[in-house]
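Colleague: After the structure tokens below, expect a handful of questions from me.
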Amino acid sequence: MSAVFASDNVLLPGHSAPVPATIEVDIASGKITAVHDRRLDRASAFPGLADAHWIDAGARYILPGLVDAHVHLNEPGRTQWEGFATGTRAAVSGGVTTVIDMPLNSIPPTTTVENLEVKREAAAGQCWADVGFWGGVIPGNEDQLEPLVAAGVKGFKCFLIESGVDEFPCVNEAQVEQAMKELEALPTTFLFHAEVEVEDAQQTGDPASYPTFLASRPPSSETTAIELVTRLQAAHPQLHTHIVHLSAAAALPALRRAKAAGLRITVETCFHYLCLAAEDVPHGHTEFKCCPPIREEENRQRLWDALVDGTIDFVVSDHSPCVASLKDPDGKGDFIKAWGGVSTLGLGLSLMWTECKARGIGIGRIVDWMSKRTAKHARLDGVKGEIGVGFDADFVVWDPNAVFEVSKENLHFKNKLSPYEGRTLVGRVGQTYLRGKVVYDRARGFDGISAQGRLL
């Protein structure tokens, strides 16, 4: 069976803006079989296509499905925080057709092949988006790294500061060096939560005041960590390293120097660092807490500049949810005690479109940052991230003019705590397709639709 997708506005490779196009899909394989650079309708279709299933998006955009390469789905072990079913439903409601799950916050963490299989068994049959997995580097699991690559993990994340969960301890410099030796000859990537303990961190003042928390995670925590990573990486030129969730603009000069020196290093930032500012965090509103923290407006503008000039490679959610009691354990809005993580799955494309429209940045750049580059980062280039022959038929039908207010009713992740609640956004997903089959339809939600996601 074939399906045909047509629109006046399809974002094709090599185009910075959408163009009229028609896409043919083989439903059996879920692959794109042809792309025509003009808009066809059933009456003018090529022989054989008139009997296909037609999806005519009119003037709405057809975009490639998004790839979010940094999410915490937390299952098994902390499924009350999130889970494969709820997290991937939230993803497809925002046009994200592929997520890559981080190795921590589930129990067990993805630090051995055995633990990876436990996680895959937990995920089987309940994913609405495709799901891949990062592995983890912790003290003492060096002998698991090569087997985990063979088992299919996309790369490895480590912490240079305590992670917040006992089962995923941080690594020291010697352990990083050992892991680099193990990984440098493998087709993989070494990811760093780049914060370290620093002397100028302060933790005095009103704990319900956001500036008190901000002072406890100063920019030097990130700059010192990134200088450590680049110094060690210089001895392992084959190794690809990656900085997750960059927050501090003060680290940008070091990253520019590393890239200019030829180090294989990439950098991501998150929607909350691009869309939120410390000055706007209300007293006691711990839903804004994450680590590293949301910094000042001037810092936010410098991150945007770095994203536009290519120093920052792409944007992810770092969707890191928890139960409400952990966000405010004493009922006092204590930022120091609150769990650090922002819930965002389902909102990223609208957040970026709203910000980028104000900056004169087109949808082509957004999709490059949220789909093409993230797909390459997850070793899915040639499969995900573009609308081209041979790619998976993952599509987002998108209304760029729709305006909506974020409310608990339109959030699909499990614990509906979000710093974006009440915010007005522009642009909204109408339907999301995975391998040519609908997995979300805003008009009916998930009614009559079954989970189609695969484990990558």
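Quick note: the sequence shown, position 157, residue 157 per the UniProt record's numbering, numbers continuous. Positions of the beta carbon are idealized from the N, C-alpha and C atoms, including for glycine. Given the structure is predicted, the values throughout are model-derived calculations rather than measurements.
In its own chain, which residues sit with a C-beta less than 6 Å from the C-beta of Ile387, not counting the 5 before and 5 after it?
Modeller: If you number the sequence shown from 1, residue 387 lands on position 387. Here the set comprises Leu12, Pro64.
Colleague: Under 8 Å by Cβ, that's how I've got Arg359 and Thr311 pegged, so tell me the actual separation to the nearest angstrom.
Modeller: The residue you call residue 359 lines up with position 359 of the sequence shown. The residue you call residue 311 lines up with position 311 of the sequence shown. Not confirmed; about 17 Å, so no contact.
Colleague: What are the complete alpha helix (DSSP H) segments, minimum 4 residues, inside the region 250–310?
Modeller: 252–260, 271–275, 297–309
Colleague: When you compare the CB positions of Glu222 and Ala251, do they come within less than 8 Å of one another, or not?
Modeller: One-based indexing of the sequence shown puts residue 222 at position 222. One-based indexing of the sequence shown puts residue 251 at position 251. Yes.
Colleague: Tell me, which residues are paired with Tyr61 by DSSP?
Modeller: Looking up residue 61 in the sequence shown gives position 61. Tyr61 is bridged to Asn9, Trp398.
Colleague: Keeping to the same chain, check which residues put their C-beta closer than 8 Å to that of Ser163; ignore five residues upstream and five downstream.
Modeller: Locating residue 163 in the sequence shown gives position 163, counting from the first residue. So the qualifying residues of the chain are Leu104, Pro169, Cys170, His193.
Colleague: Return helix, strand or coil for Ile226, following the three-state DSSP convention.
Modeller: As a position in the sequence shown, residue 226 is number 226, starting the count at 1. In the structure shown, Ile226 sits in a helix (DSSP, three-state: H, G or I).
Colleague: So what does DSSP say about Leu116, is it helix, strand or coil?
Modeller: Within the sequence shown, the letter at position 116 stands for residue 116. Leu116: helix per DSSP, three-state reduction.
Colleague: Distance, Cα to Cα, Lys372 vs Tyr440?
Modeller: Position 372 of the sequence shown holds residue 372. Position 440 of the sequence shown holds residue 440. Between Lys372 and Tyr440, the C-alpha separation is close to 21 Å.
Colleague: Would you list, in sequence order, the uninterrupted beta strand (DSSP E) runs of no fewer than 3 residues that lie entirely inside the region 119–184?
Modeller: Secondary structure remark: continuous beta strand (DSSP E) runs of at least 3 residues inside the region 119–184, in chain order: 130–133, 156–159.
Colleague: Could you give the distance in angstroms between the alpha-carbon of Asn74 and the alpha-carbon of Ser418?
Modeller: The residue you call residue 74 lines up with position 74 of the sequence shown. The residue you call residue 418 lines up with position 418 of the sequence shown. Note on geometry: alpha-carbon atoms of Asn74 and Ser418 lie some 17 Å from one another.
Colleague: Please classify Phe404: does DSSP put it in a helix, a strand, or coil?
Modeller: In the sequence shown, the residue the question calls residue 404 occupies position 404. Looking at Phe404 - three-state DSSP - the assignment turns out to be strand.
Colleague: With 16 as the cutoff for other CB atoms within 10 Å, does Ala248 come out buried or exposed?
Modeller: As a position in the sequence shown, residue 248 is number 248, starting the count at 1. Buried, by the Cβ-count rule.
Colleague: If I follow the unbroken alpha helix (DSSP H) through Arg353, where does it start and stop?
Modeller: Here the question's residue 353 lines up with position 353 in the sequence shown. Correcting the residue identity first, residue 353 is Trp in this sequence and not Arg. Trp353 -> alpha helix (DSSP H) spans 348–359.
Colleague: Could you have a look at Arg428 and say whether DSSP puts it in helix, strand or coil?
Modeller: Taking the first residue of the sequence shown as position 1, residue 428 is located at position 428. Correct three-state label for Arg428: strand.
Colleague: How is Val323 classed by DSSP in three states: helix, strand or coil?
Modeller: Along the sequence shown, one-based indexing puts residue 323 at 323. Three-state DSSP puts Val323 in coil, outside helix and strand.
Colleague: With H, G and I counted as helix, E and B as strand and the rest as coil, what does DSSP make of Phe46?
Modeller: As a first step, residue 46 must be located in the sequence shown, where it is residue number 46. The three-state secondary structure of Phe46, taken from DSSP, is coil.
Colleague: With H, G and I counted as helix, E and B as strand and the rest as coil, what does DSSP make of Asp51?
Modeller: Numbered from its first residue, the sequence shown carries residue 51 at position 51. Reduced to three states, the DSSP call for Asp51 is coil.
Colleague: Please classify Arg435 as buried or exposed, where buried requires at least 16 neighbouring CB atoms within 10 angstroms.
Modeller: Indexing the sequence shown from 1 puts residue 435 at position 435. So Arg435 counts as buried.
Colleague: Could you have a look at Gly205 and say whether DSSP puts it in helix, strand or coil?
Modeller: Residue numbering aside, residue 205 sits at position 205 when the sequence shown is read from its first letter. Looking at Gly205 - three-state DSSP - the assignment turns out to be coil, as it is neither helix nor strand.
Colleague: Ignore the nearest five residues each way along the sequence and tell me which others in Val438's own chain have a CB closer than 8 Å to its CB.
Modeller: Here residue 438 is taken as the residue at index 438 of the sequence shown, counted from 1. The answer, listed in chain order, is Gln431, Thr432, Ile449.
Colleague: Assuming Val67 and Ala375 make a contact with CB atoms under 8 Å, what is their CB distance in whole Å?
Modeller: As a working note, residue 67 is residue 67 in the sequence shown. As a working note, residue 375 is residue 375 in the sequence shown. Right, their Cβ atoms sit about 5 Å apart.
Colleague: I'd like to know if the region 234–244 and the region 263–271 are in contact, where contact means that at least 3 CB-CB pairs between them fall below 8 Å.
Modeller: Using a Cβ-Cβ distance cut-off of 8 Å, the region 234–244 and the region 263–271 are in contact, since at least three pairs of beta carbons, one from each stretch, lie closer than that value.
Colleague: Please state whether DSSP places Ser450 in a helix, a strand or coil.
Modeller: Position 450 of the sequence shown, counted from the first residue, corresponds to residue 450. Looking at Ser450 - three-state DSSP - the assignment turns out to be coil, as it is neither helix nor strand.
Colleague: Could you check what DSSP says for Ile363 in three-state terms: helix, strand or coil?
Modeller: Taking the sequence shown and counting its residues from 1, the one referred to as residue 363 is at position 363. DSSP places Ile363 in helix when its eight states are reduced to three.
Colleague: Which residues does DSSP pair with Asp26 in a beta bridge?
Modeller: Residue 26 sits at position 26 when you count from the first residue of the sequence shown. Ser2, Lys31, per the DSSP bridge assignment.
Colleague: Taking contact to mean 3 or more Cβ pairs, one atom from each stretch, closer than 8 Å, check whether the region 174–182 and the region 202–216 are in contact.
Modeller: no
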